[in-house]
Amino acid sequence: MSICFIKGLVLILPVSKKEELLKLANDANPRVRAVAIQELGEITDGSLAPVLLDALGDPAWQVRVEAVRSLAKHNTPVVIPALQPCLEDESVEVRQVTRDAIRMLRHKQRAGHLLPEIERSIPRVLQDVKFPKWLGKVELVFALVASTFMLISTIRFLTVILWSDRTTGDIMWSILLVFVMVGTFLLVFVVAGILQSHLRFREMFNHIKQKPWQRFVEIIFII
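Using the numbering used here, read the sequence shown as starting at 729 and increasing by one per residue.
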């Protein structure tokens with residue numbers, strides 16, 4: 729029986745895939761058994777664990793390699809103890825695959841233990857981060873001053889400098905002023921980003937967004 733036939737069988741018969749692969753896992757051809765174990769490893773079904781565990785003792789090293797890889801995909805607590813004897817397998821390939829599988833499973837288990845603790849600690853850290861009230865007002869005033877300066881510079885550039893005597897020096901001065909205005913514009917965005925990262929300012933911006941003209945005067949008093 730060819731390997732291509734097994735691959736095609738998996739695609740053509742999805743309903744009876746597990747039953748067909750279980751039959752092929754006992755085939756006389758070791759290559760067929762290896763492919764069947766490999767495909768069984770792709771099925772998330774706990775009832776297949778005994779079949780994969782039995783495949784660890786298969787006479788063919790190809791089958792044992794695929795059994796190790798398939799069991800590593802399940803990531804259950806019993807997998808690592810079951811794979812430990814394979815570290816002394818007579819096949820170099822089996823030993824190497826087993827070492828890699830156990831290393832990967834241990835990393836996943838550590839990450840699985842650490843992730844809930846990290847998720848629980850994030851809200852505590854965020855609650856501990858407190859900004860003084862005066863800092864928020866200083867940032868806000870700075871942003872307003874920078875925006876005002878940018879607006880005045882733009883008006884001056886458009887009405888005075890751009891239409892004055894167009895000497896080389898004036899052109900260079902105009903280009904320099906453009907860079908200054910662009911830098912100021914970007915600086916305003918940076919300050920706005922800092923303000924947006926503060927919970928109080930996010931609430932303030934949402935407050936202003938709802939009624940911009942009526943709420944703008946209240947900007948200082950809701951900090």
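No residue lacks a Cβ here, since even glycine has one placed at the ideal position from N, Cα and C.
Residue closest to residue i, alpha-carbon to alpha-carbon, out of the options
i: Leu784; options: Arg838, Gln837, Ala800; result: Ala800
i: Arg956; options: Leu833, Arg834, Met832, Leu811; result: Given a span of 729 to 951 for the chain in the structure shown, any question on residue 956 remains unanswerable.
i: Pro757; options: Pro778, Ile771, Leu780, Trp789; result: In the sequence under discussion, the amino acid at residue 757 is Asn, which differs from the Pro named in the question. That would be Trp789, whose Cα lies nearest to the Cα of Asn757.
i: Ile808; options: Asp786, Glu818, Pro787, Lys836; result: Lys836
i: Val806; options: Arg759, Arg834, Pro787; result: Arg834
i: Ala777; options: Ala753, Asp755, Val820, His802; result: His802
i: Ser819; options: Pro787, Ala829, Val873, Met832; result: Pro787
Proximity of residue i and residue j at Cβ, strictly below 8 angstroms
i: Ala762; j: Leu749; result: no
i: Lys746; j: Asp773; result: yes
i: Arg797; j: Val760; result: no
Local Cβ density within 10 Å of residue i, reported as buried at 16 or more and exposed below that
i: Leu815; result: exposed
i: Ala795; result: buried
i: Glu767; result: buried
i: Arg792; result: buried
i: Gly769; result: buried
i: Ser775; result: exposed
i: Thr804; result: exposed
i: Leu741; result: Its pLDDT being 44, under 50, Leu741 is placed unreliably in this model, and the value from its coordinates should be taken loosely. Classification of Leu741: exposed, given that the 10 Å Cβ count is below 16.
i: Val779; result: buried
Where residue i sits in the DSSP three-state scheme
i: Asp828; result: helix
i: Ala788; result: coil
i: Pro805; result: coil
i: Glu794; result: helix
i: Ser775; result: helix
i: Ala783; result: helix
i: Glu816; result: helix
i: Glu821; result: helix
i: Glu770; result: coil
i: Ala764; result: helix
i: Ala753; result: coil
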